[in-house]
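Chains as they are written, first to last, in my numbering: chain A, 452 to 634; chain B, 452 to 634.
Right under this line is the structure:
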């Protein structure tokens, strides 16, 4: 059956704010479904984020290692972070890069923007390639427990194959940066 | 500074359950940081999910179009869905494929598992390639407002380039299925 976009739309009946947090908010919406029935939708509101693939002059990629409480693992990821209120994604990308790795980039190229989990959250992540890196004398934030480490594309492909790099934004970012991640 | 994994670990002090929902739960944890300070962590608990790249005998990929309330958009994605309690990911992949597209697969290959948003959720998504598809006579769920549509790899690459396919799981899944998504 051919579709028209209006086949799918839901009409908002009411919205209940359940939680306002430091990082996320939670609300529950009641909607009228296309068949006239009522449904509920749980929505995690997120301010949006950026991720950066920092490429050094000798062709290495800088990744960051940190403990992720939600998954109870130390993870190796591309540098990333949440947008501050009113902050432009490009400014956020440069800020997070400096805070997490100590590098300043003079060239930044947008790779894509994507939704991380459209089933339950509005989070958008903007992904950039950062080049022409210069080491700054900025100290990392005292409350960021994070190591930056640089790897060759081959090492990255191997860590992806082994599942050592295993979060959605890093996989998409590394792939779009042109790193061959599988055979 | 070289790291050891224990540099990063946080110690749980207490955990408050804030919400138990239909799809997600929310809790706030208080932790001791590596420097001895106290921090809070908001965690969205998710049951885990699967995503499937269904590849037809003539080399097309079946995608599904549906309205996503959290992002207020009609989106085109690979078939996907949440794990039922106790359900094996492979069984879930076959179930979601049948429910969303009407196809039964006789060959299923695991591509990867990844965290969608380790910064605030424990959601894991298991990604599969489904081949040797046979159309079933199963009717789609009455409460799923979803269209299945098949596309060639070239069409998919074009839709990715235009941002018409723009969610993390679909991008990773299509890439790992061997579809060339960019130049």
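Where is the CB? At the ideal position from N, CA and C, for every residue including glycine. Quick caveat: nothing in here was measured; it's all calculated off a predicted structure.
Between the segment 540 to 548 of chain A and the segment 556 to 571 of chain A, the count of C-beta pairs closer than 8 Å reaches three or more; the two stretches touch. Spatial neighbours of residue 562 of chain B in its own chain (CB-CB distance under 7 Å, excluding positions within 5 residues in sequence) are listed in chain order as 578, 579, 580, 624, 627 and 628. Using a Cβ distance threshold of 8 Å, residue 517 of chain B and residue 525 of chain B count as a contacting pair. Annotation: residue 540 of chain B to residue 565 of chain B spans about 13 Å, alpha carbon to alpha carbon. Of all residues in the segment 490 to 504 of chain B, only 491, 492, 493, 494 and 495 come within less than 7 Å of chain A when Cβ atoms are compared, listed by chain position. Residues are counted here when their Cβ sits less than 9 Å from a Cβ of chain A; for the segment 509 to 532 of chain B these are 516, 517, 518, 519, 520, 521, 522, 523, 524, 525, 526, 528, 531 and 532, given in chain order. Against chain B, the beta carbon of residue 617 of chain A has neighbours under 8 Å at 563, 564, 565 and 566, listed in chain order. DSSP, reduced to helix, strand and coil, places residue 627 of chain A within a helical segment of the structure shown. Between the beta-carbon of residue 480 of chain A and that of residue 520 of chain B there is about 7 Å, and that keeps the pair under the 8 Å contact cut.
Of all residues in the segment 469 to 481 of chain B, the ones placed with a Cβ closer than 9 Å to any Cβ belonging to chain A are 469, 470, 472, 473, 474, 475, 477, 479 and 480, in chain order.
Here the alpha carbon of residue 486 of chain B sits roughly 38 Å from the alpha carbon of residue 467 of chain A.
Contact of residue 585 of chain B with chain A is not assigned, every C-beta pair being separated by 8 Å or more. Where residue 618 of chain A is concerned, there is no enclosing alpha helix (DSSP H), because DSSP gives it neither an H nor an E.
Rounded to the nearest whole angstrom, the C-alpha separation of residue 476 of chain B and residue 493 of chain A is 10 Å. Here residue 469 of chain B has 477, 478 and 479 as same chain residues with Cβ atoms under 7 Å from its own Cβ, once five neighbours each way along the sequence are excluded. Here residue 505 of chain A carries a strand assignment [DSSP, helix/strand/coil]. For residue 613 of chain B, the number of other beta carbons within 10 angstroms of its own is below 16, and it is reported as exposed. If the five residues before and after residue 536 of chain A are omitted, its C-beta is found closer than 8 Å to the C-beta atoms of 498, all from its own chain and listed in chain order. Shortest Cα-Cα distance from residue 528 of chain B to any of B/501, B/534, B/509 and B/508 involves B/501.
The contact set of residue 573 of chain B on chain A, defined by CB atoms closer than 7 Å, consists of 521 and 522 in chain order. Counting along the chain, residue 525 of chain A sits inside the beta strand (DSSP E) bounded by residues 524 to 528. In the same chain as residue 548 of chain A, and ignoring 5 residues on each side of it, the C-beta atoms closer than 7 Å to its own belong to 503, 505, 530, 554, 556 and 581, in chain order. Around the beta-carbon of residue 618 of chain A, 16 or more other beta-carbon atoms lie within 10 Å, marking it buried.
In this structure, residue 491 of chain A sits near residue 473 of chain B, with a CB-CB distance shorter than 8 Å.
For residue 460 of chain A, the chain B residues whose C-beta falls within less than 7 Å of its own C-beta are 518, listed in chain order. The secondary-structure analysis by DSSP pairs residue 572 of chain B across a beta bridge with B/495.
Within 10 angstroms of the beta-carbon of residue 620 of chain A lie 16 or more other beta-carbons, which makes it buried.
Residue pairing by DSSP places residue 580 of chain B opposite B/504 and B/560 in a beta bridge. Burial is judged here by how many other beta carbons sit within 10 angstroms of a residue's own beta carbon; residue 513 of chain A has at least 16 and is buried. At least one CB of chain A lies nearer than 8 Å to the CB of residue 596 of chain B. Chain order gives the chain B residues near residue 626 of chain A as 626, where near means a beta carbon separation below 7 Å.
At least one CB atom of chain B sits nearer than 8 Å to the CB of residue 620 of chain A. Relative to the Cα of residue 574 of chain B, the nearest Cα in the group B/601, B/560 and B/533 belongs to B/533.
Looking from the CA of residue 599 of chain A, the closest CA among A/552, A/560, A/488 and A/496 belongs to A/552. In the structure shown, the three-state DSSP call for residue 470 of chain B is strand.
Taking C-alpha positions only, residue 608 of chain A is separated from residue 462 of chain A by approximately 45 Å.
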